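Everything in the sequence shown is counted per this note's numbering, starting at 22 for the first residue and increasing by one.
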Amino acid sequence: MAKTTKAKAGAKKKLPLRDAALKATQALAGKAVGKKSRKRSAVPLPALLPATGAKVKAKPPKAVRQAEARHLAPLDLQPVGDAAVLDRLWQTVESRRAAGDVANSHSARLIARGTPKVAQKLGEEAVECVIEATQGNRAETILESADLLYHLVVVWVDAGIRPDEVWAELRRREGISGIVEKASRPKGIVRAARTTKLP
22 MAKTTKAKAG
32 AKKKLPLRDA
42 ALKATQALAG
52 KAVGKKSRKR
62 SAVPLPALLP
72 ATGAKVKAKP
82 PKAVRQAEAR
92 HLAPLDLQPV
102 GDAAVLDRLW
112 QTVESRRAAG
122 DVANSHSARL
132 IARGTPKVAQ
142 KLGEEAVECV
152 IEATQGNRAE
162 TILESADLLY
172 HLVVVWVDAG
182 IRPDEVWAEL
192 RRREGISGIV
202 EKASRPKGIV
212 RAARTTKLP
């Protein structure tokens, strides 16, 4: 019986401490216990900071404004395309493959992982490009298209295909209807694959 009385007495001692802590917390929050809420008193600010009540719009520094303008501006693209950029990209990727510097070159590292990995990356970039185009994200479609073209060039380098071979094939197809061109493709591929679902 004495133990229960002591336990109850201990609980009563803790209650006033808990109430005191609660009152202190509420007082700090600007509310007095049992009274209507008061207006909060202003917290003193350092002398360098403007008062919160004053409507002061500080301009960010010039360097910040310039950086934001660069990153937030629309893509500044030349209206005329330069197909020679793919030739230069091919030469760069080929030189990285020949150097074999897998520690410093993404292209060399990718090619060193083998044709299946190179082809997988091309497929991933194609899917990302399709997703952005389907969602109508023009700027993202441009960025993903650049990724797709880069990985296509890596496939060419891995397969030993030069860009001029691809350009020659495109020139050959100029002026030919897509339906006619498709019908002129060799049928042996279709028979070997045992399907007519090939492009």
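The beta-carbon is built from N, C-alpha and C at its ideal position, and this holds for glycine as well. In this text the structure is predicted, and so the values were computed from the model without any measurement.
Exposure of W188 is indicated by the presence of fewer than 16 other C-beta atoms within 10 angstroms of its C-beta. Inclusion of E186 and L169 in the CB contact set at 7 Å is not warranted, their separation being larger than that value. Remark: C-beta atoms of V174 and L110 approach each other more closely than 7 Å. For K203, the three-state secondary structure derived from DSSP is helix. Taking 7 Å as the cut-off, the beta carbon of D179 is found closer than this to the beta carbon of V139. Per the coordinates, the alpha-carbon of D108 lies some 12 Å from the alpha-carbon of S116. With contacts defined by Cβ atoms closer than 7 Å, A129 and G121 form a contacting pair.
By the Cβ neighbour-count rule, L143 is buried, with 16 or more other Cβ atoms within 10 Å of its own. CA-to-CA, the gap between G181 and A88 works out to about 42 Å. V106 counts as exposed, since fewer than 16 other beta carbons sit within 10 angstroms of its beta carbon. Within the same chain, and ignoring the five residues on either side of K80 in sequence, the residues whose Cβ sits closer than 8 Å to its Cβ are R86. One thing to note: S126 has its Cβ no nearer than 7 Å to the Cβ of C150. Linking Q141 to A84 through their CA atoms gives a straight-line distance of about 41 Å.
Under the 10 Å beta carbon count, V114 is surrounded by 16 or more other beta carbons and is classified as buried.
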